[in-house]
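**Student:** Heads up: take any position in the first sequence, counting from 1, add 301, and you land on the numbering used here.
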Amino acid sequence: MDRSHSMSQPSESDSHMYQPDVVEAKWQRRWAQQHTNEPDLDRAERPFYNLMMFPYPSAEGLHVGNMFAFTGADVHGRFKRLQGYDVFEPIGYDAFGIHSENFALKVGTHPGTLIPRNIENFRRQLKRIGGMFDWRHELSTTDPRYYKWTQWLFLQLFKAGKAYKKAAAVNWCPNDKTVLANEQVIAGRCERCGAQVEQRTLEQWFFRISDYAGKLLENLDDKSQMDWSDTTITAQRNWLGRSDGAEIEFPVEQGKIIRVFTTRPDTLFGATFMVLAPEHPLVPEITTPSQREAVNAYRQQAASKDLVSRKVGEREKTGVFTGAFARNPATGRTIPVWVADYVLMEYGTGAIMAVPAHDERDREFAEKFKLQIVPVINEHGILEDSGEFTGLPAAEGLHRIIAWLEAAGAGKGVVQYRLHDWCISRQRYWGPPIPIIYCEKCGVVPVPEKDLPVELPFLEDFRPDDSGTSPLARDESWYYVACPECGGKARRETDVSDTFLDSAWYYLRYPSTEFDDRPFDQERTRRWCPVASYIGGNEHAVLHLLYSRFIAMVLHELGHVDFDEPFAKFRAHGLIVKDGAKMSKSRGNVVIPDEYIARWGADTFRTYLMFLGPFQEGGDFRDEGISGPRRFLDKVWALVGEAAADDVLRDIPRPVEVKWHQTLMRAHEGLENLRYNTSIAACMELLNTLREAQCSDRRVVEDMVVMLSPFAPHFAEECWERLGHATSVFDERWPEWDEALAVEDNVEVAVQ
RNA sequence: GCCCGGAUGGCGAAACCGGUAGACGCAUGGGACUUAAAAUCCCAGGCCCGCAAGGGCAUGCAGGUUCGAGUCCUGCUCCGGGCACCA
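Shown next, in the form of structure tokens:
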């Protein structure tokens, strides 16, 4: 157990040498023994929840990007601690999901054995890098003690009517053999394996996230609730995709009404035909007998086309006339109703008024099928040929026409969002089973909370198949079950839930990991949430971050938490590239952090990563560069030795004094704004000034050690001890600086 | 097409509110120490012309505002990212 035996201890004689491995092992041991990083979660007076995106425990181990992100977050946490906060910095593993499962399939090992092995390796690396983690609260989403509550969460949504099942055309990845969320389809391909995504119709569970589109959008503007990186806010805004416009009713001859959505009600007088999506339910009702055959053929063809080529494929317009006519409520004229697949059922009302004069797609269609084109806006943006609205500027006409529609009962101003409901069903093995039972008599029955968790059974053969059903259906002893209500014959839902559901609430679990009778303790949650600082990659700008916000809103509504927004502050970190190019296995330029840490020490590695460039922009990892921070730490080490050996207090030379206070201010500023590179540079300048002045005054040197402690924590602890302190450097406060000295003009200093 | 970022030496980058551009670090060149090498220490350096003193040009491009612009304004170019047959 005692790891110190395997480590060579420094002898008295060489204790003046800086040996990172010895120092780092010593302090990691001591932190664990003295519970240095374990705040009192029930009594902390100044709680600061410092969260970083938990990793997916891959077989490769933590890569340098993870190290960069975690170190940057850890630096922030340690800095907050120096400001007197009780910092809670937990870590865990996002270990369910297709990613893990596919890897398990590839290497032919069950994920149940593979994942714990990977986690162990991750834990080792996370400890080695010296993060301020509270290991008492480590969690894994694959732990039944965790996913019990993921299932509980599903039940809360189900009971509140926020979860529903419907047959839907979904994105099906033929390679991974599963449904994908829209968010997981990139340019028509599976984000994971790159296969062309197909369209399939399956019964799926959905969450009503689209009901929250408005709130999800509005809160983005509220800095007091969410102070987030601009890039992330923008990505979410685009994803939510708000469009302001109007819904307008067009009566059809047979007494039916076609409702359309348009962002351009000002062009209403130019609507010369209509187009319905092929799946539109009104199509069969309005199609005239003579057109029936052609329309049916077209609809069938559209249904067989996968979503991909329909959305991003060739844009050549196709369509067919229904034989029906509608009346333009503005002009009173009769216009033909067509069916075409360039109109999508999922957006708006699945029907459009076509204004070929002012919409490129409609014009293409009109030209191809020889339909009428009537311009209603002239070059100067003035409405023409628009009845009583003729002569108005288009922007004004827009409002006036909406008002007129409302008065006439023919339409109203509405807002549309691009966001669709969240499909959480996955026909896979490695995830939390969705806690639903289908009874022959009672129908859909939620698993009673007392029966949670619905444990994921061990399946020797967990391969997905083409049936569209999860492999869980093949385990009959698990699949067939007595109905919890009537005791009759029933079977389980076999889909597991999306990994993003696991990660949508993990921050709530961390402070409460020891409780098995509740997902999160009310008191703990009130004290620690919302999260004070969240740091992570912008690749999750719309997936994880949007789902987490949605889940928090629902939990708030249901009275489980007292906040709407889970992350008070979010900062997206940058990316690390190697020698100017993105790291990839095929390029062979992947940095294995372990090798660098073994050679240079965790503190040097951390300091180098933070010195590369601004944390929020990332930087270029170059092997030669790491020697700079190491040389710097070596020099500070030597300076500490001098300071420790000389206790006589002399006057501090003026240039040193000025630089000292300037550094305290500048390093503080850099840490506050996540511009760590400037903090480190400031400390380097102070070192240079001290050396030039041949000064090793302990007052200055001690402050230097405190300033470096977020970057090089073990190093700083050791230096602090060498300077004669018996307590942790992290019990110190960031030293105050003299404002007058700190803003002193450099020129003046040079003169003196 | 729409919406966000960004562009500064050989390289990574600094520059607070419009006021000495290039701090800090890497790499490089010269020197010291050493039998030698490594390590360490000292010195130099934006680019061009010049032995030098000095001069000219410099923050993606073109203009503008200002006593003064890397920073503000207008119009471009290129790079990165988000959205996209979304009505």
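A virtual CB, placed ideally from N, CA and C, is assigned to each residue, including glycine.
Please report the Cβ distance between Val-638 and Ile-559, rounded to the nearest whole angstrom; I am assuming they are in contact, meaning their Cβ atoms lie under 8 Å.
**Tutor:** Yes, they are in contact, since the Cβ atoms of Val-638 and Ile-559 sit about 7 Å apart, within 8 Å.
**Student:** Does the structure place the stretch 550 to 568 close enough to the stretch 691 to 707 that three or more beta carbon pairs sit under 8 Å?
**Tutor:** Yes: the two stretches touch, three or more of their Cβ pairs being nearer than 8 Å.
**Student:** Ordered along the chain, which non-local residues of its own chain (more than five positions away) have a Cβ less than 6 Å from that of Tyr-1062?
**Tutor:** As displayed, the chain neither begins before 302 nor continues past 1053, which places residue 1062 out of reach and without an answer.
**Student:** Quick check on DSSP: helix, strand or coil for Tyr-319?
**Tutor:** Coil.
**Student:** Pick out the complete beta strand (DSSP E) segments inside the stretch 811 to 877, 3 residues or longer, and give them in chain order.
**Tutor:** List check, beta strand (DSSP E) in window: 834 to 837, 870 to 873.
**Student:** What are the boundary residues of the beta strand (DSSP E) that Ala-627 is part of?
**Tutor:** 621 to 628 is the span of the beta strand (DSSP E), which, as asked, contains Ala-627.
**Student:** I think Lys-879 touches Phe-922, with their Cβ atoms under 8 Å apart; what is that distance to the nearest whole Å?
**Tutor:** Indeed they touch by this definition, with Cβ atoms about 5 Å apart.
**Student:** Tell me whether the beta-carbon of Arg-907 lies closer than 8 Å to the beta-carbon of Ala-1041.
**Tutor:** No, these two residues do not count as a Cβ contact at 8 Å.
**Student:** Look at the Cβ atom of Pro-820, then the Cβ atom of Trp-453, and state whether they are nearer than 8 Å.
**Tutor:** For Pro-820 and Trp-453, yes; Cβs fall inside 8 Å.
**Student:** Determine the contact status of Ser-511 and Leu-802, defining contact as a CB-CB distance below 8 Å.
**Tutor:** Cβ atoms of Ser-511 and Leu-802: not closer than 8 Å.
**Student:** One question on the structure: do Gly-620 and Phe-670 come within less than 8 Å of each other, judged by their Cβ atoms?
**Tutor:** Going by C-beta atoms, Gly-620 is nearer than 8 Å to Phe-670.
**Student:** Identify the residues that DSSP records as bridge partners of Gly-542: which are they?
**Tutor:** None, per the DSSP bridge assignment.
**Student:** Do Val-797 and Arg-729 have their beta-carbon atoms positioned less than 8 Å apart in this structure?
**Tutor:** For Arg-729 and Val-797, yes; Cβs fall inside 8 Å.
**Student:** Comparing C-alpha positions only, which one of Pro-657, Tyr-977, Asp-865, Phe-404 sits nearest to Leu-910?
**Tutor:** Nearest C-alpha to Leu-910: Tyr-977.
**Student:** Mind pulling the alpha helix (DSSP H) runs of 4 or more residues that sit fully within the stretch 927 to 1008?
**Tutor:** Taking only runs of at least 4 residues, the alpha helix (DSSP H) segments lying wholly in the stretch 927 to 1008 are 928 to 946, 955 to 973, 977 to 993.
**Student:** Could you check what DSSP says for Asp-1032 in three-state terms: helix, strand or coil?
**Tutor:** The answer is helix: DSSP assigns Asp-1032 an H, G or I state.
**Student:** My output table needs one value for Asp-303: the three-state DSSP class, helix, strand or coil.
**Tutor:** Only weak support exists for where Asp-303 lies, its pLDDT of 32 falling under 50; the coordinates are left without a value.
**Student:** Any idea what DSSP makes of Phe-916, helix, strand or coil?
**Tutor:** Coil, per DSSP.
**Student:** According to DSSP, simplified to helix, strand and coil, what is Val-745?
**Tutor:** The answer is strand: DSSP assigns Val-745 an E or B state.
**Student:** Specify, as a first and last residue, the run of the beta strand (DSSP E) that Asp-375 falls within.
**Tutor:** That residue, Asp-375, is in no beta strand (DSSP E); its alpha helix (DSSP H) goes 365 to 383.
**Student:** When you compare only the Cα positions, how much space is there between Gln-329 and Ile-737?
**Tutor:** The alpha-carbon atoms of Gln-329 and Ile-737 are separated by roughly 45 Å.
**Student:** Please state the DSSP three-state secondary structure of Lys-460.
**Tutor:** Correct three-state label for Lys-460: helix.
**Student:** In terms of residue numbering, what span does the alpha helix (DSSP H) encompassing Arg-429 cover?
**Tutor:** 412 to 429 is the extent of the alpha helix (DSSP H) around Arg-429.
**Student:** Distance check for Val-324 and Asp-315, CA to CA, integer angstroms please.
**Tutor:** Interpretation of Asp-315 is limited by its pLDDT of 42, a score under 50 that renders its predicted location unreliable; no figure is taken from the coordinates.
**Student:** To the nearest angstrom, report how far apart Trp-529 and Lys-870 are at their CA atoms.
**Tutor:** Cα-Cα distance, rounded: 5 Å.
**Student:** Quick one: grab the DSSP three-state call for Val-1050.
**Tutor:** For Val-1050, the predicted model reports a pLDDT of 39, less than 50, meaning its position is unreliable and no value from the coordinates is stated.
**Student:** Taking 8 Å as the cut-off, decide whether the C-beta atoms of Ser-804 and Asp-444 are in contact.
**Tutor:** Not closer than 8 Å, so no.
**Student:** Considering just the uninterrupted stretch of the alpha helix (DSSP H) at Phe-1012, what are its terminal residues?
**Tutor:** Here Phe-1012 belongs to no alpha helix (DSSP H), and DSSP marks it neither H nor E.
**Student:** Check for me: the beta strand (DSSP E) holding Ile-898 runs from which residue to which?
**Tutor:** Counting along the chain, Ile-898 falls outside any beta strand (DSSP E), though it belongs to the alpha helix (DSSP H) covering 894 to 901.
**Student:** Please find out if some non-hydrogen atom of the ligand NAD comes closer than 7 Å to the beta-carbon of Lys-478.
**Tutor:** Only the bare structure without any ligand can be found here, which leaves the ligand NAD out of the picture.
**Student:** What's the call for Asn-472, buried or exposed, on a 16-neighbour Cβ count within 10 Å?
**Tutor:** Buried, by the Cβ-count rule.
**Student:** How many angstroms separate the CA atom of Ala-946 from the CA atom of Ala-1027?
**Tutor:** Their backbone Cα atoms lie some 17 Å apart in a straight line.
**Student:** Would you kindly work out how many angstroms separate the C-alpha atoms of Arg-634 and Tyr-643, rounded to a whole number?
**Tutor:** Spanning the two alpha carbons is a distance of roughly 24 Å.
**Student:** Put Tyr-808 into one of helix, strand or coil per three-state DSSP.
**Tutor:** Residue state, collapsed to three classes: helix.
**Student:** Could you please give the first and the last residue of the uninterrupted beta strand (DSSP E) stretch that includes Leu-517?
**Tutor:** Taken as a continuous stretch (DSSP letters only), Leu-517 belongs to no beta strand (DSSP E), being part of the alpha helix (DSSP H) at 514 to 519.
**Student:** Look at the alpha carbon of Glu-346 and the alpha carbon of Trp-961, and state the distance between them as a whole number of angstroms.
**Tutor:** Between Glu-346 and Trp-961, the C-alpha separation is close to 32 Å.
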